[in-house]
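In this note's numbering, the protein residues as written are 1 to 175.
Positions of the beta carbon are idealized from the N, C-alpha and C atoms, including for glycine.
Since the model is a prediction, treat every value here as computed from it, not as a measurement.
Read the structure below first, then the notes.
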Ligand SMILES: [Zn+2]
């Protein structure tokens, strides 16, 4: 992680942050967890979005910063609940023409959701946190053998922010 200030020659902020790093990180965690807008889903004009960063609005999400800060301050590794995983996979449904999503009860625990179609093997969407490592190929093979379902790994970020990209990528990988 790099902390710098963008004033030519520097205004001393980066050094001041270094000297008070823990206090500032704790404050940042508090700010990151609490947007005044109740409907904020990760970035809005009350927290992150502004005129200067408008070109990357679709990429901004304060929850990613919260995960980094929780790891630094509380040694907590990022994780996703089964409900989160299902909700993320559900966001793909609109882009999965001819594929039917199975209910959470029919879905093996390795996946957020399973999609089925009449002439292809079922696909299991396995959401991972953007800060976690991707499972290795042998792990993916083992899941496939154990479930008979083709695992597809996508980050929660991609599933939430660009499900159409995920669907495109998924269909291209099946060809
Ligand atoms: Zn917000």
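Item	Value
Cα-Cα separation, residue 12 to residue 6	10 Å
N-terminal and C-terminal residue of the alpha helix (DSSP H) that residue 71 is part of	62-74
Residue range of the alpha helix (DSSP H) that includes residue 157	156-161
Residue 113 classed as buried or exposed, judged by whether at least 16 other C-beta atoms fall within 10 angstroms	buried
The segment 123-130 touching the segment 149-156, judged by at least three CB pairs closer than 8 Å	yes
Supposed close pair residue 132, residue 78 - CB separation, criterion 8 Å	6 Å
Contact test: residue 37 Cβ vs ligand 1 heavy atom, cutoff 7 Å	yes
Reduced DSSP secondary structure (H/G/I, E/B, other) of residue 150	strand
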